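If you read the sequence shown in the numbering used here, its first letter stands for residue 7, the second for the next number, and so on.
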Amino acid sequence: MSAAAGVDRSRLERLLAAEQRRFEELHPGSLAHHRAAADHLILGVPMPWMLAWDGACPLYVERGEGARLTDVDGNEYVDLCLGDTGAMTGHSPPATVAAVAERAAIGMTFMLPTEDTAVVSRELGRRFGLPRWQYTLSATDANRHALRYARLLTGRPRILIFDRCYHGTVSECFATLRDGKVVAREGSVGAAVDPAQTTRVVPFNDVEALRAELAHGDVACVLTEPAMTNTGVVLPEPDFHRELRAATREAGAFLIIDETHTLSAGPAGMTGREGLEPDMLVVGKAVAGGVPAAALGVSEDIAGRIDDAIEPGRAGMAGVGGTLAANALSLAAMRATLEEVLTEAAFARTDALGARCEAGIAAVIGEHSLPWHVVRIGGRVEYHFTEQPLRHGAEGAAAVDSDLSGFLHLFALNRGVMVFPFHNRCLVSPAHTDADVDRHSEIFAAAIDALLA
Ligand SMILES: Cc1ncc(COP(=O)(O)O)c(C=O)c1O
């Protein structure tokens with residue numbers, strides 16, 4: 007069944023063009039700002055991903071509050087994108103705002119720790135079961151550091167990733183499989199070396215391929231999300247994590263779990279929910295309520311071996327760390343966010359909202375017998391243009407239908423609901439309400455009605 011199954015392409019083309027025209031009518035201010043800024047920006051946007059939005063330009067934002075975002079034209083949205091999870095807490099949660107304001111008034115960065123450090127590290131350790139932590143400004147950097155430590159401690163050159171993963175702009179991860187060979191991901195630019203020299207790639211959920219690649223004996227670590235989230239959502243098959251853990255232990259390779267997106271599953275992400283046992287773990291994006299911050303946790307054994315391997319006098323040349331990493335503002339924001347915002351109760355709420363959102367989407371798919379399915383990780387809900395759940399990243403990539411997604415995203419945006427631009431995802435925060443989620447379901451139903459009329 008093709009991704010376009012059940013959809014009349016010429017009708018889709020007409021509807022998409024109409025939504026694009028409507029977008030331009032609704033957003034003269036954003037368009038003007040976009041044009042004014044473009045001459046001063048590389049690629050016309052301050053960050054390349056902003057080119058991925060459907061519509062003639064990225065929206066210029068005036069403010070975000072809780073579940074709402076308002077653009078410069080005064081349009082208000084139910085925000086189900088939440089800055090690609092960076093605002094999973096809802097925009098500007100009051101507890102984080104208060105801690106940030108207090109900290110900002112008395113110094114934001116010192117290249118010295120503050121008392122929040124021990125509190126945050128203890129709390130992360132309690133949640134994720136790893137006792138020792140280090141901080142960065144982004145999950146990308148935390149992953150980069152994890153890979154360095156893994157190579158340091160194993161003396162092995164390569165890493166292993168799952169095909170079509172994303173772990174930030176980490177060079178070793180811009181690799182994919184083509185005809186069984188490791189090649190650069192399409193679109194990747196300026197790589198220092200051929201990724202086949204640094205990276206082994208296997209399909210997610212393929213234990214046999216995983217074992218075969220680990221058998222080369224040159225893999226320092228496997229870096230993976232607990233469920234893949236970046237080429238559609240691919241859930242692990244029932245025994246996959248048990249097999250992955252056993253295979254990495256047998257091969258002497260570290261297991262690094264990247265919880266940056268799957269944190270939506272609960273207070274300790276899928277690691278906590280599923281009882282996973284990584285050697286290292288990365289969290290980022292939402293952990294400081296929108297303030298740049300991420301963290302890398304490691305086992306006591308790994309921390310001890312890093313202590314032994316890195317001379318304190320040369321720590322600045324270890325290739326880890328950064329001037330503003332672990333700054334006082336990030337740590338204050340992380341403390342308040344962990345203690346008061348991303349709580350058990352908040353995750354119980356987002357889980358229930360996520361279930362409601364999933365049911366709303368599933369009802370529309372079911373009503374029209376569309377060959378699509380919907381999948382959920384806590385407050386994160388995503389639908390794919392395939393009848394069956396995805397088993398690995400290549401299936402996710404094959405199911406992409408940019409025009410169809412573009413129409414569905416723009417249709418929602420033009421009616422006051424913002425969804426994630428890269429794929430078909432809704433993310434809820436504790437600030438969302440049943441009515442917000444139902445609004446998405448109604449608009450999704452109306453879009454499908456228009457498409458199938
Ligand atoms: C699973 C995962 N890890 C890491 C990252 C990198 O996060 P950041 O861009 O904040 O460094 C991303 C970004 O989308 C991600 O999806």
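Just so it is clear, CB atoms sit at the ideal spot from N, CA and C, and this is done for glycine as well. Source: prediction; values computed, not measured.
Query: 7 Å is my cut-off, CB to CB: does A405 come that close to chain D?; Result: Chain labels in this structure do not include chain D; a single protein chain is all it has.
Query: Does the Cβ-Cβ distance between L337 and V106 come in under 7 Å?; Result: no
Query: Might you give, ordered along the chain, the residues of its own chain that have their beta carbon closer than 6 Å to the beta carbon of G35, omitting 5 neighbours on each side?; Result: V78 and D79
Query: Just the C-alpha distance for F450 and G223, rounded to the nearest angstrom, thanks.; Result: 49 Å
Query: Could you check where the alpha helix (DSSP H) with D357 kicks off and where it finishes?; Result: E350 to E373
Query: Mark M7 as exposed unless 16 or more other C-beta atoms lie within 10 angstroms of its C-beta, in which case mark it buried.; Result: Because the pLDDT at M7 is just 36, under 50, the model does not fix this residue reliably, and the point stays unresolved.
Query: Give every residue of the same chain whose Cβ lies closer than 7 Å to the Cβ of T277, excluding the five residues on either side of it in the sequence, and list them in chain order.; Result: F134, P232, I263, E265, P284 and L287
Query: May I ask you to verify whether the region 105-125 touches the region 183-196, counting CB pairs closer than 8 Å and requiring at least 3?; Result: no
Query: In this structure, how does DSSP classify M276 when only helix, strand and coil are distinguished?; Result: helix
Query: So, with DSSP's three-state summary, where would you put R27?; Result: helix
Query: Under the three-state reduction of DSSP, which class applies to T254: helix, strand or coil?; Result: helix
Query: Near F246, which residues of its chain fall below 6 Å by C-beta distance, leaving aside the five closest residues on each side in sequence?; Result: N211
Query: Could you please give the first and the last residue of the uninterrupted beta strand (DSSP E) stretch that includes I263?; Result: F260 to D264
Query: Looking at E231 and ligand 1, is the gap between the Cβ and the nearest heavy atom below 6 Å?; Result: yes
Query: How many Å lie between R507 and G89 at the Cα?; Result: Missing from the structure shown is residue 507; the chain here goes from 7 to 459 and no further.
Query: Enumerate in chain order the residues of its own chain whose CB-to-CB distance from E350 is below 7 Å, with the five nearest sequence positions on each side excluded.; Result: P273
Query: Could you check whether the Cβ of E172 sits closer than 6 Å to any heavy atom belonging to ligand 1?; Result: It should be pointed out that residue 172 corresponds to Tyr in this sequence rather than to Glu. Yes - ligand 1 has a heavy atom lying nearer than 6 Å to the Cβ of Y172.
Query: CA-CA distance, P209 and F168?; Result: 5 Å
Query: Take E280 and list the residues in its own chain whose beta-carbon comes closer than 7 Å to its own, dropping the five residues that flank it on each side.; Result: P232 and H247
Query: Between K291 and ligand 1, is there a pair consisting of the residue's CB and a ligand heavy atom that are separated by less than 6 Å?; Result: yes
Query: Quick check: is any heavy atom of ligand 1 less than 6 Å from the C-beta of A145?; Result: yes
Query: Let me make sure I understand the geometry here. Which of E393, L166 and I371 has the alpha-carbon closest to that of V207?; Result: L166
Query: For the alpha helix (DSSP H) containing F168, name the first residue and the last one.; Result: Segment R164 to F168 is the beta strand (DSSP E) holding F168; no alpha helix (DSSP H) there.
Query: Taking 6 Å as the cut-off, is the CB of N236 close to at least one heavy atom of ligand 1?; Result: yes
Query: Looking at V381 and E493, is the spacing between their C-beta atoms short of 7 Å?; Result: Residue 493 cannot be examined here, being either before or after the span of the chain that is shown, 7 to 459.
Query: Return yes when at least one heavy atom of ligand 1 lies under 6 Å from the C-beta of T266, else no.; Result: yes
Query: Taking buried to mean at least 16 other C-beta atoms within 10 Å of its own C-beta, is E448 buried or exposed?; Result: exposed
Query: If you run the structure through DSSP and keep just helix, strand and coil, what is M7?; Result: Confidence at M7 is low in this model, with a pLDDT of 36, below 50, so the placement of that residue should be treated as unreliable; the coordinate-derived value is given next. It is coil, neither helix nor strand.
Query: Return the first residue and the last residue of the beta strand (DSSP E) that I383 is part of.; Result: H379 to I383
Query: Going by beta carbon distance, what residues of the same chain come within less than 8 Å of E82, once the five residues before and after it are set aside?; Result: R74, L75, T76 and G422
Query: Buried or exposed: where does P54 fall if 16 or more other Cβ atoms within 10 Å of its Cβ makes it buried?; Result: exposed
Query: For D77, which beta-bridge partners are listed by DSSP?; Result: V67
Query: So what does DSSP say about M117, is it helix, strand or coil?; Result: coil
Query: Straight-line CA distance for G310 to H429?; Result: 41 Å
Query: Among T204, C432 and A334, which residue has its Cα nearest to the Cα of E108?; Result: A334
Query: What does the alpha-carbon distance come out to for the pair A9 and R28?; Result: Note that A9 has pLDDT 44, beneath the 50 cutoff, so the model's placement of it is unreliable and the number below is only indicative. In a straight line, the C-alpha of A9 is about 26 Å away from that of R28.
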